[in-house]
Amino acid sequence: MDKINTLKMHAHTTFSVDFKPRENKTSKGCQRKQMATSINSSWKLGTKMTALVVDDDSINQTIHHRLLEQLGIENQVARNGKEAIDIHCSGKKFDLILMDRDMPIMNGIEATRKLRAMGIRSMIAGVSTRCVKQEIQEFMEAGLDDYQEKPLTSAKIISILHKIDHSGSISY
């Protein structure tokens, strides 16, 4: 700990508080930019990676959208599985789909099954707060390529992206 602040309260009480030094935010920002450049330059020549975020929670939508954006990945949001199906039926294609498990109208399990039945070969990564092995297995068996527990981080998304490179998943 770099700094130690001592605060005297009344006549006989002393508190000491240790503070960790702040991380250099510019270095993290530079790392993200370098990773985004690396991800998109190693992607299909002349194209930018695209993603579909499927989640009913507006806070998660915003977090996932911004994380992907920081990595240089264009993305769109769907509020439930039915919207994700409709977006694909309209002709839009994505390299990555981040699929929440529990949503109204159509959940992530049903949406993943339907997308696979439609011939969609994009990388589908399940994203959920569920951590019971049986529930994760049920989601995986629906056709997921990967599963990540919320909250998502840049590191988790990068882990998913590395699997795209090695799995040969392509958008259709």
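Those letters in the sequence shown? Residues 11 to 182, per our numbering, in order.
A virtual CB, placed ideally from N, CA and C, is assigned to each residue, including glycine.
query	result
Residues bridged to Val87 (per DSSP)	Val63
Burial state of Met113, where buried means 16 or more other Cβ atoms lie within 10 Å	buried
Reduced DSSP secondary structure (H/G/I, E/B, other) of Met113	coil
Leu78 (DSSP reduced to helix, strand or coil)	helix
Three-state class that DSSP yields for Asp96 in the structure shown	helix
Inter-residue spacing [alpha-carbon to alpha-carbon] between Asp12 and Lys173	In this predicted model, Asp12 has a pLDDT of only 42, less than 50, meaning its place in the structure is not dependable; the value taken from the coordinates is given anyway. Cα to Cα, Asp12 sits roughly 39 Å from Lys173.
Buried versus exposed, by CB contacts within 10 Å (16 or more), Glu93	buried
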